[in-house]
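Engineer: Structure incoming, see below.
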């Protein structure tokens with residue numbers, strides 16, 4: 001959906017509903033949107049934002065759609081790194097293996113084998129790694145705020 005379509009066909013219905021609610025109840029009414037780019041949340045001067053402002057519609061401010069604020073992105077990063085390593089340099093020599101670790105077969109180039117590698121590497125992500133991503137979230141939120149919403153990097157992910 002485009003901003004133009006949203007501003008012309010969807011948003012007016014919500015504005016009308018809020019205006020009707022205001023007539024019956026004096027409390028403040030707020031439009032809650034989900035930060036979809038078509039809602040005009042990435043810039044100030046756009047059709048949806050201008051329509052909301054001209055209609056005196058308040059909205060809830062959401063954080064940016066930032067991978068820096070999603071712990072799941074840390075899991076995806078681990079999966080990508082481990083899969084790339086395994087595709088290009090599988091551990092086949094005994095000196096590369098940890099105790100109890102089995103040699104990895106080289107990728108045969110098929111989608112079926114890639115799927116198997118992805119599944120195996122996903123299963124190797126530990127609960128401790130996930131907890132580390134979650135524990136870092138307060139610091140990540142502060143870092144994103146400090147750089148005005150720009151991308152950040154940390155030692156964890």
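Numbering (the UniProt record's numbering), first residue to last: 1 to 157. Virtual Cβ for every residue (Gly too), placed ideally from N, Cα, C.
Report the CB separation of residue 79 from residue 121 in whole angstroms; it is logged as a contact under 8 Å.
Structural biologist: Along the chain shown, read from residue 1 onward, the residue named residue 79 stands at position 79. Along the chain shown, read from residue 1 onward, the residue named residue 121 stands at position 121. Confirmed, about 6 Å.
Engineer: Report, in whole angstroms, the separation of the C-beta atoms of residue 55 and residue 15, which I expect to be a contact under 8 Å.
Structural biologist: As a working mapping, residue 55 is identified with position 55 in the chain shown. As a working mapping, residue 15 is identified with position 15 in the chain shown. Yes, they are in contact, since the Cβ atoms of residue 55 and residue 15 sit about 5 Å apart, within 8 Å.
Engineer: Is it buried or exposed for residue 48, if we count other Cβ within 10 angstroms and need 16 for buried?
Structural biologist: As a working note, residue 48 is residue 48 in the chain shown. Buried.
Engineer: Tell me the rounded alpha-carbon separation between residue 91 and residue 105.
Structural biologist: One-based indexing of the chain shown puts residue 91 at position 91. One-based indexing of the chain shown puts residue 105 at position 105. Distance between the alpha carbons of residue 91 and residue 105: 8 Å.
Engineer: Whether or not the stretch 2–11 and the stretch 32–42 are in contact is what I'm after, with contact meaning three or more pairs of Cβ atoms, one per stretch, closer than 8 Å; do they touch?
Structural biologist: The stretch 32–42, when compared against the stretch 2–11, does touch it at the 8 Å Cβ threshold.
Engineer: Measuring CB atoms only, is the stretch 134–143 touching the stretch 107–114, in the sense that at least three cross pairs come out at less than 8 Å?
Structural biologist: The stretch 134–143 is not in contact with the stretch 107–114.
Engineer: Going by Cα to Cα distance, which pick from 68, 33, 96 and 85 is closest to residue 150?
Structural biologist: Numbered from 1 along the chain shown, position 150 holds the residue referred to as residue 150. Ranking the options by Cα distance to residue 150, first place goes to 68.
Engineer: According to the neighbour-count rule (16 or more other Cβ atoms, all chains shown, within 10 Å of its Cβ), is residue 26 buried or exposed?
Structural biologist: Translated into positions along the chain shown, residue 26 becomes position 26. The residue is exposed, with fewer than 16 neighbouring Cβ atoms inside 10 Å.
Engineer: Measuring CB to CB, does residue 145 end up less than 9 Å from residue 75?
Structural biologist: Locating residue 145 in the chain shown gives position 145, counting from the first residue. Locating residue 75 in the chain shown gives position 75, counting from the first residue. In this structure, residue 75 does not lie closer than 9 Å to residue 145 by Cβ.
Engineer: Is it true that the CB of residue 50 sits closer than 9 Å to the CB of residue 7?
Structural biologist: Taking the first residue of the chain shown as 1, we reach residue 7 at position 7. Taking the first residue of the chain shown as 1, we reach residue 50 at position 50. Against a cut-off of 9 Å, the Cβ pair of residue 50 and residue 7 comes out as a contact.
Engineer: Once you ignore the five residues that flank residue 83 on each side, which residues in its own chain have a CB closer than 7 Å to its CB?
Structural biologist: By 1-based counting over the chain shown, the position of residue 83 is 83. 117, 118 and 121, listed in sequence order.
Engineer: Span of the alpha helix (DSSP H) holding residue 144?
Structural biologist: Walking along the chain shown from the start, residue 144 turns up at place 144. 137–146 is the extent of the alpha helix (DSSP H) around residue 144.
Engineer: Please list the segments of the alpha helix (DSSP H) lying wholly inside the stretch 65–119, counting only runs of 4 or more residues, in order along the chain.
Structural biologist: List check, alpha helix (DSSP H) in window: 71–88.
Engineer: Could you compute how far the alpha carbon of residue 102 sits from the alpha carbon of residue 10?
Structural biologist: The residue labelled residue 102 in the question sits at position 102 within the chain shown. The residue labelled residue 10 in the question sits at position 10 within the chain shown. Computed Cα separation, rounded: 56 Å.
Engineer: Starting from residue 59, follow its DSSP beta bridges and name the residues at the other end.
Structural biologist: As a first step, residue 59 is located in the chain shown; it is residue number 59 there, counting from the start. DSSP, once it has assigned bridges, lists 31 as partnering residue 59.
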